[in-house]
Amino acid sequence: MIYVRKAVLTDLETIMQIFEEARILLATDGSTQWQNGQPNQSTFKQDIENQECYVLIVSGQIAGMATLKQEGDPNYQQITAGKWHSHKRYVALHRVAISNKFRGKHLTSYFFSNLFTVIKGLGINTVRIDTHELNKRMQKVIINVGFIYCGIIYIARDPDPKRLAYDIELT
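Residue numbers (the UniProt record's numbering): 1 to 171.
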């Protein structure tokens, strides 16, 4: 069985394990994303307490994680070299990762599809996401699930702040 649910505090250890696997993979690919101590355990704990963190469950195991920020993202207020396709209320999709145990099983598209269902259930039709320009894996996933490139945003308090920004309108 495969499904998505809100994360609970007892998931935190597994979430941190998945995050660390993803952080190492990003470093191996040459990306500085997630290499400066952010996000950290406190970030994920807050996401869980705010009921914004979701996990992908596959055969009873946590296979992936993502955070859905309903209040938007202040880093998205200014976009350069392009524009957002929608200025409606949106969910910012952050901290998406799949466990190494489940990598290569094409679960990311399934995960996004389920997250889109959750977002639609919130009454929101616009989703925004960003990733580092060297995170080619995520760029491929983002495009494959239907996001459209919008431009460049900059992450506050990040030593390598440039991010590629995308959005999708769920119909």
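Even glycine gets a Cβ: it sits at the ideal position worked out from N, Cα and C. Because the structure is a prediction, the values reported are computed rather than measured.
Alpha-carbon spacing of residue i relative to residue j, whole angstroms
| i | j | result |
| --- | --- | --- |
| Arg-137 | Tyr-166 | 15 Å |
| residue 172 | Gln-46 | Absent from the structure is residue 172, since the part of the chain shown begins at 1 and ends at 171. |
| Val-8 | Ala-81 | 39 Å |
| Val-145 | Lys-101 | 22 Å |
| Ile-164 | Glu-133 | First, the residue type needs correcting, since residue 164 is Leu and not Ile in the sequence shown. Rounded to the nearest angstrom, the two C-alpha atoms are 6 Å apart. |
| Ile-48 | Lys-83 | 31 Å |
For residue i, three-class secondary structure by DSSP
| i | result |
| --- | --- |
| Val-96 | strand |
| Leu-127 | Before going on, a small fix: residue 127 reads as Val here, not Leu. Strand at Val-127. |
| Arg-137 | helix |
| Val-8 | coil |
| Thr-67 | strand |
Assigned exposure category for residue i - 16 Cβ within 10 Å defines buried
| i | result |
| --- | --- |
| Ile-62 | buried |
| Leu-170 | exposed |
| Thr-67 | buried |
| Gln-78 | exposed |
| Leu-93 | buried |
CB-CB length for residue i against residue j, believed under 8 Å
| i | j | result |
| --- | --- | --- |
| Met-65 | Arg-103 | With 8 Å as the limit, Met-65 and Arg-103 do not qualify as a contact, their Cβ atoms being about 13 Å apart. |
| Tyr-76 | Arg-128 | 6 Å |
beta-carbon residue i near the ligand ZN non-hydrogen atom, thresh 7 Å
| i | result |
| --- | --- |
| Ala-27 | For the ligand ZN, the structure offers nothing, since it holds no ligand at all. |
So within the region 20–62, which uninterrupted beta strand (DSSP E) runs reach at least 3 residues, ignoring any that extend past its ends?
53–58
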